[in-house]
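Novice: 249 is the number of the first residue of the sequence shown in this note's numbering; add one for each residue after it.
Glycine included, each C-beta is placed from N, C-alpha and C at the ideal position.
The model shown is predicted, which means the values in this text are computed figures rather than measured ones.
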Amino acid sequence: MKKLLLLLSILPNLCIYILLVFMFSACEQNIPEQKKDLLFVLPHFRAEQVDSLPRPYKAIICDVNRDGKPDIVGLATEPTALFWYENPSWDRHLITGETVNNIDAAPYDIDGDSYPDLALASNFRLQETDRTGMIHWLRNPGEKEGPWETFHIASSPMAHRLVWADTDGDGKKELFNAPIVGPGDQPPRYDIPVKTMKCVIPGDPEKKWPAQVVDHELTLLHGIMATDWDDDGREDLLTASQEGISLIRHPGAGVWERKVLIPCVHNSNARSGASEIAVGELNGRRFLATIEPWHGNELVVYFQGGPERDTWERHVVDDQLTDGHALAVEDLNYDGNDEIVAGYRQGDRSLFWYTQPEEGNWHKFPVEMGGMGSSSVDLADMDADGHTDIVAAGTNNNSIKWYRQVPYTELTGSWEAGRNLVVMEKGIHQVGFYSPGGKHIKSVRVGNHPHEMVISEDGRFAYVTDNGTMRYSEPAEGGKTISVINLETMEKTGQYELDPFRRPHAISIDYASGLLAVGVENPDRQLLMESSTGKILDHWDTRGKTPHMNSISEGAEWIYASNTQSGTIAAIRVATGETTLIEVGENPQGSALNPEGSKLFVSCRDHIAVIDTEILEVIDRIKPGALRCAVTPDGKTLVTASRWNGVGFIDVATHHMDDHIQLPFQPFSLTLSRDGKWAFTSAEPEEIAYIISVTERKVAFKFKTITGSRPDPFYDIDLQRK
Numbered sequence: 249m250k251k252l253l254l255l256l257s258i259l260p261n262l263c264i265y266i267l268l269v270f271m272f273s274a275c276e277q278n279i280p281e282q283k284k285d286l287l288f289v290l291p292h293f294r295a296e297q298v299d300s301l302p303r304p305y306k307a308i309i310c311d312v313n314r315d316g317k318p319d320i321v322g323l324a325t326e327p328t329a330l331f332w333y334e335n336p337s338w339d340r341h342l343i344t345g346e347t348v349n350n351i352d353a354a355p356y357d358i359d360g361d362s363y364p365d366l367a368l369a370s371n372f373r374l375q376e377t378d379r380t381g382m383i384h385w386l387r388n389p390g391e392k393e394g395p396w397e398t399f400h401i402a403s404s405p406m407a408h409r410l411v412w413a414d415t416d417g418d419g420k421k422e423l424f425n426a427p428i429v430g431p432g433d434q435p436p437r438y439d440i441p442v443k444t445m446k447c448v449i450p451g452d453p454e455k456k457w458p459a460q461v462v463d464h465e466l467t468l469l470h471g472i473m474a475t476d477w478d479d480d481g482r483e484d485l486l487t488a489s490q491e492g493i494s495l496i497r498h499p500g501a502g503v504w505e506r507k508v509l510i511p512c513v514h515n516s517n518a519r520s521g522a523s524e525i526a527v528g529e530l531n532g533r534r535f536l537a538t539i540e541p542w543h544g545n546e547l548v549v550y551f552q553g554g555p556e557r558d559t560w561e562r563h564v565v566d567d568q569l570t571d572g573h574a575l576a577v578e579d580l581n582y583d584g585n586d587e588i589v590a591g592y593r594q595g596d597r598s599l600f601w602y603t604q605p606e607e608g609n610w611h612k613f614p615v616e617m618g619g620m621g622s623s624s625v626d627l628a629d630m631d632a633d634g635h636t637d638i639v640a641a642g643t644n645n646n647s648i649k650w651y652r653q654v655p656y657t658e659l660t661g662s663w664e665a666g667r668n669l670v671v672m673e674k675g676i677h678q679v680g681f682y683s684p685g686g687k688h689i690k691s692v693r694v695g696n697h698p699h700e701m702v703i704s705e706d707g708r709f710a711y712v713t714d715n716g717t718m719r720y721s722e723p724a725e726g727g728k729t730i731s732v733i734n735l736e737t738m739e740k741t742g743q744y745e746l747d748p749f750r751r752p753h754a755i756s757i758d759y760a761s762g763l764l765a766v767g768v769e770n771p772d773r774q775l776l777m778e779s780s781t782g783k784i785l786d787h788w789d790t791r792g793k794t795p796h797m798n799s800i801s802e803g804a805e806w807i808y809a810s811n812t813q814s815g816t817i818a819a820i821r822v823a824t825g826e827t828t829l830i831e832v833g834e835n836p837q838g839s840a841l842n843p844e845g846s847k848l849f850v851s852c853r854d855h856i857a858v859i860d861t862e863i864l865e866v867i868d869r870i871k872p873g874a875l876r877c878a879v880t881p882d883g884k885t886l887v888t889a890s891r892w893n894g895v896g897f898i899d900v901a902t903h904h905m906d907d908h909i910q911l912p913f914q915p916f917s918l919t920l921s922r923d924g925k926w927a928f929t930s931a932e933p934e935e936i937a938y939i940i941s942v943t944e945r946k947v948a949f950k951f952k953t954i955t956g957s958r959p960d961p962f963y964d965i966d967l968q969r970k
């Protein structure tokens, strides 16, 4: 551990993205020497389109032309397609157009010329279970151009999955074919057993291959993989089927054995068993990752335990998948523990990665939200930068994508705004001032537990809500003032009395009129005030509980109050006081209007609700949820403090998440600089403030606030705004 700390001390720039919770659980000897400069970096991925292939089903990583760069094989079932894409140009090359309804491919050097060939399963339609599936192998032409020669190996009803494995330990792999259902099988039960076959490469691979049945009892067999399960030098097969997770192995003398490791948990007419299977290791314990049930909604991890190592602890990591279909396991950040990548084809069609930094708690991070209905995923270092990347096929997004793991040096930049920062230090009842380099200059005492603040149009004053409690859920009478801070002199210059209203929290400012919208939580009311005098001009019942945050439209025509404990937005027409309640979902907090005022984005626990302000109705929900959000001045991007421990960037027009920056801790606040180039967010319990480059979409700088500060929102101080 001392060596590890010394390594980190000579790499100070690495500290911005060090995930401390990983540091003390990793063992130095488990990390390859060449990876030590990448220790404990939280992975971040950026998408690159490889091809817009109609309904691709598989994306397989393979160095097709043997130039040392991993290429991609792309396969589609309907319409049928089989291509390979050359790294790094991603030029498309035809493999074959002779087969129909391709369903799986597996690369291996079949003819011994050192170029990887392909085994291919085709003629597949789940709706026609009496179809005869076809298995071919296709010869890689090497340096030649043009389609690959195609050779028929075998026929197999409903051939669905292919895997190469050396099950007898002779150094040569055999091809295993796993049909999905038995011939003539019908939904919903799919209870006719399948024949799992082994095909052996003959002396002349152009001739028909000898085949052997290795199992004939599994039903609805969807997943299969090869692994040396018992470390005896022979690979075994793990399957995911209607029976659960099974182990098939070849102990010798022509005998094949199958053992159910984990019996089926789900068993219904609609969905049963398990769908995918992968093996990993975490803190020295082997685990199995599955998607359950078939095409299911759960990502499940089983840890092996017990004195005989034949018992398994079941943990549901995520139950929000919709038609789960993609699964892979690998150590993404080189901490000695494996992470999980999983995706699904329906619903919001997304791809995630999962890690367990502390015992028992899995954390979920998006690779892409809404843009990848992933039917398959494969992992490899595609650009030789030392980082594991992700390649996925999106059946319902018509895309094959490479998700490049962005190196740490590209994720961090320079904070060059040259402006001081004003930080809400709600834990110690202060507003703090910090230099651009994060050095504490001074703090100013305000009311107890200040929570939110806004900056005047000329940038010279901050208005601070003195809430009086640390959390909205705490029962207390609360404070009754708004503190006024002169940002030029760094002094408190006054306060506005709100009595009889208490617990002010939400605050927004309309630059056109200079009016403040202030939400108070005792009683639950929405106030309209003059920013220059503090005079309360009007107030309204929000018709909900805890108006925690708000937004005010240009010209102060509308105020939108988030009733955090009621799940509603109170849309208040200022001129008449008419209030419309809009159901948005659990725990609405921050909100943001686009520049035209036509859309209001509301950050809720599980999603961001999009409200059409003309009709005052929710028109869309964007995942994941968030705590705060803000729209850039050009109206193009919604920036969020997302619930997935990071900062999200959402296209305002399409509602699609374009990017997501991972942070080691959950950000609580989110504000923007006036020019929209910088986003400011803080991890409150850890007392870390982050400055994000919105244009480059990366962390530019971070700093620690003073002890006990529990920072919430903060801004840059720009005294040249007018």
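1) By Cβ distance below 6 Å, which residues in the same chain neighbour T717 in space, the five residues on each side in sequence not counted?
2) From the DSSP output, read off the bridge partner residues of Y550.
3) Rounded to whole angstroms, what is the Cα-Cα separation between A354 and A367?
4) What's the gap between the Cα of G584 and the Cα of V527?
5) Quick one: Cα of S801 to Cα of E934, how far?
6) Are the segment 836-856 and the segment 875-885 touching by the rule of at least three beta carbon pairs closer than 8 Å?
7) Could you give the C-beta distance for V766 and M777, rounded to a whole number, given that I count them as a contact under 8 Å?
8) For R482, which residues from the same chain have a beta carbon less than 8 Å from its beta carbon, with the 5 sequence-adjacent residues on both sides left out?
9) Is it the case that the Cβ atoms of E524 and A488 are separated by a distance below 8 Å?
10) Give me the DSSP bridge partner(s) of S403.
11) So what's G675 in DSSP terms, helix, strand or just coil?
12) Under 6 Å Cβ to Cβ from K507, same chain only, skipping five residues before and after it: list those, please.
13) Ordered along the chain, which non-local residues of its own chain (more than five positions away) have a Cβ less than 8 Å from that of E454?
14) Which residues bound the beta strand (DSSP E) around S370?
15) Identify the continuous beta strand (DSSP E) that holds F928 and give its terminal residues.
16) What are the start and end residues of the beta strand (DSSP E) that includes A474?
17) Tell me the rounded alpha-carbon separation between S362 and K421.
18) At a cut of 8 Å, does the segment 638-650 reach the segment 913-922 through at least three beta carbon pairs?
19) From F613, D571 and P605, pick the residue whose C-alpha is nearest to that of R597; which is it?
20) For the candidate residues R294, F293 and S300, whose alpha-carbon lies nearest to that of G642?
21) Once DSSP output is grouped into helix, strand and coil, what is the label at E658?
22) Counting only the same chain and skipping the five closest in sequence on each side, list residues whose C-beta sits under 6 Å from that of L580.
23) Could you pull the DSSP bridge partners for L486 from this structure?
24) Checking 8 Å against the spacing of the C-beta atoms, do A809 and A818 come in under that value?
25) Exposed or buried, what is Q837 when buried is set at 16 or more other beta-carbons lying within 10 Å of its beta-carbon?
26) Would a C-beta distance cut-off of 8 Å place T377 and V461 closer than the cut-off?
27) For H787, write down the residues that DSSP places opposite it in a beta bridge.
28) In the structure shown, what three-state DSSP assignment does F331 receive?
29) Which runs of the beta strand (DSSP E) spanning at least 3 residues fall entirely within the segment 701-753, listed in chain order?
30) Is it buried or exposed for H464, if we count other Cβ within 10 angstroms and need 16 for buried?
31) For the beta strand (DSSP E) that G838 lies in, which residues bound it at each end?
32) Taking the continuous beta strand (DSSP E) assigned at C447, which residues delimit it?
33) Could you tell me which residues DSSP puts in a beta bridge with P698?
34) Near I954, what residues of its chain come up, given a Cβ to Cβ distance below 6 Å and the 5 sequence neighbours on each side ignored?
35) Rounded to the nearest angstrom, what separates Q375 and I830 at their Cα positions?
36) Keeping to the same chain, check which residues put their C-beta closer than 7 Å to that of N335; ignore five residues upstream and five downstream.
Specialist: According to the structure data:
1) Cβ neighbours of T717 beyond the five flanking positions: H697, A724 and G726.
2) L536 and R562, per the DSSP bridge assignment.
3) Whole-angstrom Cα-Cα distance: 5 Å.
4) Pairing G584 with V527, the inter-Cα distance amounts to about 14 Å.
5) So the alpha carbons of these two residues sit roughly 34 Å apart.
6) Here the segment 836-856 lies against the segment 875-885, with 3 or more beta-carbon pairs under 8 Å apart.
7) At roughly 6 Å, the Cβ-Cβ gap stays under 8 Å, so V766 and M777 are in contact.
8) Only D414, T415, D416, G417, D476, R497 and H498 meet the Cβ criterion.
9) Yes, these two residues count as a Cβ contact at 8 Å.
10) Answer is M382.
11) Reduced to three states, the DSSP call for G675 is helix.
12) These residues qualify, in order along the chain: L495.
13) Only F399 meet the Cβ criterion.
14) Here the beta strand (DSSP E) through S370 covers D365 to S370.
15) Counting along the chain, the beta strand (DSSP E) containing F928 begins and ends at W926 to A931.
16) Annotation: the continuous beta strand (DSSP E) that includes A474 extends over G471 to T475.
17) Distance between the alpha carbons of S362 and K421: 14 Å.
18) Because the criterion of three Cβ pairs below 8 Å is not met, the segment 638-650 and the segment 913-922 do not touch.
19) D571 is the residue among F613, D571 and P605 whose C-alpha sits nearest the C-alpha of R597.
20) Comparing Cα-Cα distances from G642 to each of R294, F293 and S300, the minimum goes to S300.
21) Of the three classes helix, strand and coil, the one that applies to E658 here is helix, per DSSP.
22) Counting only Cβ-Cβ distances below 6 Å, and skipping sequence neighbours, we find P291, E587 and T636.
23) In the DSSP secondary-structure assignment, L486 is bridged to M473 and L495.
24) Result yes, Cβ atoms of A809 and A818 sit closer than 8 Å.
25) If you draw a 10 Å sphere on the C-beta of Q837, you find 16 or more other C-beta atoms in it, and that means buried.
26) Pairing T377 with V461 gives a Cβ-Cβ distance that is not under 8 Å.
27) Paired residues: L775.
28) When secondary structure is reduced to three states using DSSP, F331 falls in the strand class.
29) Qualifying beta strand (DSSP E) stretches, in chain order: 709-714, 729-734 and 739-745.
30) By the C-beta density criterion, H464 is exposed, having fewer than 16 other C-beta atoms within 10 angstroms.
31) Unbroken run through G838: none, as it is neither H nor E.
32) Counting along the chain, the beta strand (DSSP E) containing C447 begins and ends at T444 to C447.
33) DSSP lists D714 as partners of P698.
34) Result list for I954: H688, in chain order.
35) If you take the alpha carbons of Q375 and I830, they lie about 44 Å apart.
36) Once the five neighbours on either side are set aside, the close Cβ partners of N335 are K317, P318, D319 and M630.
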